[in-house]
Amino acid sequence: MQDDRSHQGFDLTAFMKQVGDRRFPPVEKWHPDFCGDIDMRIASDGTWFYMGTPIGREKMVKLFASVLRKDGDGKTYLVTPVEKIGITVDDAPFLATSVEFAESDSNSGLSLCFTTNVGDAVIAGTDHPIRVEVDSETGEPRPYLLVRGRLEALIARTVYYELIEQGNIEDNNGVSCCSITSNSVRFSLGEWPSAQLAPE
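Every number in my numbering is 177 more than the matching position in the sequence shown, counting from 1.
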(Lines of atoms letter the chains of each structure in order from A and count residues from 1; the text may use other names and numbers.)
(Lines give C-alpha, C1' and ligand atoms only; values in the text may rest on other atoms or scores of the structure.)
Protein backbone atom coordinates (compact mmCIF):
# COMPACT_ATOMS: atom_id res chain seq x y z
CA MET A 1 0.00 0.00 0.00
CA GLN A 2 2.25 2.67 -1.31
CA ASP A 3 1.66 6.28 -0.39
CA ASP A 4 2.67 9.46 -2.14
CA ARG A 5 4.49 11.04 0.77
CA SER A 6 7.56 12.99 -0.27
CA HIS A 7 10.94 12.18 1.15
CA GLN A 8 12.32 15.64 1.52
CA GLY A 9 15.92 16.00 2.51
CA PHE A 10 17.01 12.79 0.78
CA ASP A 11 19.22 13.22 -2.30
CA LEU A 12 19.10 10.10 -4.49
CA THR A 13 21.81 11.43 -6.81
CA ALA A 14 24.19 11.96 -3.90
CA PHE A 15 23.36 8.51 -2.52
CA MET A 16 24.08 6.85 -5.87
CA LYS A 17 27.40 8.72 -6.06
CA GLN A 18 28.22 7.42 -2.58
CA VAL A 19 27.50 3.88 -3.79
CA GLY A 20 29.69 4.36 -6.85
CA ASP A 21 32.54 6.03 -4.97
CA ARG A 22 32.82 3.36 -2.25
CA ARG A 23 35.84 1.19 -2.92
CA PHE A 24 36.63 -2.08 -1.22
CA PRO A 25 39.79 -4.21 -1.34
CA PRO A 26 39.52 -6.86 -4.09
CA VAL A 27 39.11 -9.73 -1.62
CA GLU A 28 37.40 -11.91 -4.26
CA LYS A 29 40.67 -11.93 -6.22
CA TRP A 30 42.87 -12.86 -3.27
CA HIS A 31 43.58 -16.53 -2.59
CA PRO A 32 45.94 -16.75 0.40
CA ASP A 33 46.41 -19.85 2.52
CA PHE A 34 43.94 -20.44 5.33
CA CYS A 35 45.56 -19.46 8.63
CA GLY A 36 42.94 -20.84 11.01
CA ASP A 37 40.08 -19.35 13.01
CA ILE A 38 40.29 -16.55 15.55
CA ASP A 39 37.99 -15.68 18.44
CA MET A 40 36.13 -12.93 16.59
CA ARG A 41 32.36 -12.90 16.33
CA ILE A 42 29.68 -10.75 14.73
CA ALA A 43 26.47 -10.91 16.76
CA SER A 44 23.03 -10.85 15.16
CA ASP A 45 22.63 -7.18 16.14
CA GLY A 46 25.78 -6.26 14.19
CA THR A 47 28.08 -5.93 17.23
CA TRP A 48 31.64 -7.17 16.68
CA PHE A 49 33.44 -9.05 19.47
CA TYR A 50 37.07 -10.04 19.87
CA MET A 51 37.86 -12.59 22.57
CA GLY A 52 34.44 -11.93 24.08
CA THR A 53 34.87 -8.15 24.29
CA PRO A 54 32.90 -5.76 22.05
CA ILE A 55 35.04 -3.84 19.57
CA GLY A 56 34.09 -0.25 20.35
CA ARG A 57 36.17 1.55 17.75
CA GLU A 58 33.96 2.21 14.73
CA LYS A 59 36.94 2.80 12.44
CA MET A 60 38.37 -0.62 13.32
CA VAL A 61 35.03 -2.35 12.73
CA LYS A 62 34.71 -0.72 9.31
CA LEU A 63 38.27 -1.77 8.46
CA PHE A 64 37.53 -5.39 9.34
CA ALA A 65 34.21 -5.23 7.48
CA SER A 66 35.95 -4.04 4.32
CA VAL A 67 37.97 -7.27 4.07
CA LEU A 68 35.15 -9.70 4.85
CA ARG A 69 34.41 -12.50 2.42
CA LYS A 70 31.93 -15.35 2.57
CA ASP A 71 33.06 -18.38 0.60
CA GLY A 72 31.19 -21.24 -0.97
CA ASP A 73 31.72 -23.34 2.16
CA GLY A 74 29.33 -21.01 3.98
CA LYS A 75 32.03 -19.63 6.29
CA THR A 76 33.03 -16.00 6.61
CA TYR A 77 36.65 -14.89 6.57
CA LEU A 78 38.87 -11.85 6.98
CA VAL A 79 40.99 -11.86 3.83
CA THR A 80 44.23 -10.05 2.97
CA PRO A 81 46.70 -10.83 0.17
CA VAL A 82 48.66 -13.07 2.59
CA GLU A 83 46.11 -14.34 5.15
CA LYS A 84 42.66 -15.91 5.29
CA ILE A 85 41.25 -16.04 8.81
CA GLY A 86 37.95 -17.57 9.86
CA ILE A 87 35.51 -15.74 12.11
CA THR A 88 32.06 -16.53 13.54
CA VAL A 89 28.92 -14.82 12.28
CA ASP A 90 25.76 -15.46 14.30
CA ASP A 91 23.40 -14.41 11.51
CA ALA A 92 24.39 -11.91 8.81
CA PRO A 93 27.62 -9.88 8.99
CA PHE A 94 25.82 -6.57 8.47
CA LEU A 95 22.63 -4.90 9.67
CA ALA A 96 20.54 -2.65 7.42
CA THR A 97 19.67 0.12 9.83
CA SER A 98 17.80 2.57 7.60
CA VAL A 99 16.07 2.88 4.24
CA GLU A 100 15.06 5.81 2.11
CA PHE A 101 12.38 5.63 -0.58
CA ALA A 102 13.25 7.67 -3.64
CA GLU A 103 11.73 8.11 -7.06
CA SER A 104 14.35 7.68 -9.77
CA ASP A 105 14.70 10.10 -12.66
CA SER A 106 14.85 7.09 -15.01
CA ASN A 107 12.07 4.61 -15.76
CA SER A 108 13.10 2.32 -12.91
CA GLY A 109 10.54 3.86 -10.53
CA LEU A 110 11.03 3.57 -6.80
CA SER A 111 14.53 2.98 -5.41
CA LEU A 112 15.06 1.47 -1.96
CA CYS A 113 18.26 3.01 -0.62
CA PHE A 114 19.64 1.18 2.42
CA THR A 115 22.43 2.09 4.80
CA THR A 116 24.12 -0.54 6.96
CA ASN A 117 25.62 -0.35 10.42
CA VAL A 118 29.11 -0.11 8.88
CA GLY A 119 28.20 2.65 6.44
CA ASP A 120 27.57 0.63 3.29
CA ALA A 121 25.16 2.33 0.89
CA VAL A 122 23.12 -0.21 -1.07
CA ILE A 123 20.27 0.24 -3.55
CA ALA A 124 18.07 -2.85 -3.81
CA GLY A 125 17.78 -4.27 -7.31
CA THR A 126 19.01 -7.07 -9.53
CA ASP A 127 22.52 -7.07 -8.04
CA HIS A 128 21.28 -6.45 -4.49
CA PRO A 129 18.16 -8.56 -3.97
CA ILE A 130 15.97 -8.73 -0.90
CA ARG A 131 14.90 -12.11 0.45
CA VAL A 132 12.84 -13.16 3.46
CA GLU A 133 13.28 -16.37 5.42
CA VAL A 134 10.62 -17.58 7.86
CA ASP A 135 11.53 -19.40 11.06
CA SER A 136 9.81 -22.78 10.82
CA GLU A 137 9.14 -22.87 14.57
CA THR A 138 8.18 -19.29 15.42
CA GLY A 139 6.97 -18.08 12.02
CA GLU A 140 9.10 -14.95 12.49
CA PRO A 141 10.29 -13.37 9.23
CA ARG A 142 14.02 -12.72 8.77
CA PRO A 143 14.57 -10.28 5.87
CA TYR A 144 17.98 -9.93 4.22
CA LEU A 145 19.64 -7.67 1.65
CA LEU A 146 22.62 -8.80 -0.43
CA VAL A 147 25.38 -6.22 0.06
CA ARG A 148 28.34 -7.58 -1.92
CA GLY A 149 29.73 -10.96 -2.89
CA ARG A 150 27.89 -13.44 -0.67
CA LEU A 151 27.68 -10.99 2.24
CA GLU A 152 24.21 -10.02 3.41
CA ALA A 153 22.69 -7.54 5.81
CA LEU A 154 19.87 -8.50 8.12
CA ILE A 155 17.19 -5.85 7.64
CA ALA A 156 16.34 -4.35 11.03
CA ARG A 157 12.78 -4.95 12.24
CA THR A 158 11.84 -1.26 12.13
CA VAL A 159 13.17 -1.00 8.58
CA TYR A 160 11.25 -4.13 7.56
CA TYR A 161 8.03 -2.56 8.83
CA GLU A 162 8.77 0.55 6.77
CA LEU A 163 9.06 -1.66 3.69
CA ILE A 164 5.74 -3.33 4.44
CA GLU A 165 4.06 0.05 4.88
CA GLN A 166 5.32 1.08 1.43
CA GLY A 167 4.68 -2.31 -0.17
CA ASN A 168 1.78 -3.73 -2.12
CA ILE A 169 -0.43 -6.20 -0.25
CA GLU A 170 -2.63 -8.61 -2.19
CA ASP A 171 -5.07 -11.15 -0.82
CA ASN A 172 -4.72 -14.67 -2.18
CA ASN A 173 -7.26 -17.17 -0.81
CA GLY A 174 -7.16 -15.72 2.70
CA VAL A 175 -3.41 -15.08 2.67
CA SER A 176 -1.97 -11.57 2.46
CA CYS A 177 1.09 -11.45 0.19
CA CYS A 178 3.27 -8.35 0.45
CA SER A 179 5.81 -7.24 -2.14
CA ILE A 180 7.78 -4.13 -2.99
CA THR A 181 9.59 -2.95 -6.10
CA SER A 182 13.02 -1.31 -6.32
CA ASN A 183 14.76 -0.43 -9.57
CA SER A 184 12.03 -2.29 -11.48
CA VAL A 185 12.64 -5.54 -9.57
CA ARG A 186 9.84 -6.94 -7.44
CA PHE A 187 10.70 -8.53 -4.10
CA SER A 188 8.49 -10.58 -1.82
CA LEU A 189 8.32 -9.35 1.77
CA GLY A 190 6.44 -12.40 3.01
CA GLU A 191 2.88 -13.54 3.58
CA TRP A 192 0.53 -14.00 6.52
CA PRO A 193 -3.17 -14.71 7.22
CA SER A 194 -5.34 -11.90 5.88
CA ALA A 195 -6.83 -11.24 9.31
CA GLN A 196 -3.35 -10.32 10.53
CA LEU A 197 -2.32 -6.80 9.55
CA ALA A 198 1.45 -7.36 9.74
CA PRO A 199 3.98 -9.99 10.78
CA GLU A 200 4.49 -10.27 14.52
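Glycine included, C-beta positions come from ideal geometry on N, C-alpha and C.
Practice task
Please confirm if the region 269–276 is in contact with the region 322–339, defined as three or more CB-CB distances below 8 Å between the two stretches.
Solution key: The region 269–276 is in contact with the region 322–339.
Problem - Beta-ladder partner(s) of F226, from DSSP - result: The sequence position of residue 226 within the sequence shown is 49, counting from 1. DSSP, once it has assigned bridges, lists R218, P231 as partnering F226.
Exercise for the section: Report buried or exposed for S288, applying the criterion of at least 16 other Cβ atoms within 10 angstroms of its Cβ. Expected result: Sequence index remark: in the sequence shown, residue 288 carries index 111 (1-based). So S288 counts as buried.
Practice task
Using DSSP bridges, identify the partner residues of G249.
Solution key: For the purposes of this step, residue 249 is identified with residue 72 of the sequence shown, where counting begins at 1. Paired residues: none, contrary to the question.
Practice task
Could you check the C-alpha separation between T257 and D216 for me, to the nearest Å?
Solution key: Counting from one through the sequence shown, the residue named residue 257 turns up at place 80. Counting from one through the sequence shown, the residue named residue 216 turns up at place 39. Looking at the two C-alpha atoms, the distance is approximately 18 Å.
Handout entry: Where the alpha helix (DSSP H) containing V295 begins and where it ends
Key = Counting from one through the sequence shown, the residue named residue 295 turns up at place 118. V295: not part of any alpha helix (DSSP H); DSSP gives it neither H nor E.
Exercise for the section: Could you check which residue in V244, L240, G263 has the C-alpha nearest to that of G251? Expected result: By one-based count along the sequence shown, residue 251 stands at place 74. G251 has its Cα closest to that of G263, out of V244, L240, G263.
Exercise for the section: Just the C-alpha distance for I357 and N349, rounded to the nearest angstrom, thanks. Expected result: In the sequence shown, residue 357 corresponds to position 180, counting from 1. In the sequence shown, residue 349 corresponds to position 172, counting from 1. Cα-Cα distance, rounded: 16 Å.
Exercise for the section: Over the uninterrupted beta strand (DSSP E) stretch that includes T358, give me the two end residues. Expected result: Reading the sequence shown from its first residue, position 181 is the one you call residue 358. Annotation: the continuous beta strand (DSSP E) that includes T358 extends over 352–359.
Handout entry: Host alpha helix (DSSP H) of T274 (start-end)
Key = Taking the first residue of the sequence shown as position 1, residue 274 is located at position 97. Run containing T274: none in the alpha helix (DSSP H); it sits in the beta strand (DSSP E), 271–280.
Problem - Residues near P370 by beta carbon distance below 6 Å, same chain, minus five either side - result: Here residue 370 refers to the residue found at position 193 of the sequence shown. The beta carbon of P370 sits closer than 6 Å to no other beta carbon from its chain once the five residues preceding and following it are set aside.
Handout entry: Rounded C-alpha distance that separates E235 from R218
Key = Position 58 of the sequence shown holds residue 235. Position 41 of the sequence shown holds residue 218. Here the alpha carbons of R218 and E235 stand approximately 15 Å from one another.
Practice task
Compute the Euclidean distance between the alpha carbons of V324 and V309, then round it to the nearest angstrom.
Solution key: The residue you call residue 324 lines up with position 147 of the sequence shown. The residue you call residue 309 lines up with position 132 of the sequence shown. Approximately 15 Å, taken between the alpha carbons.
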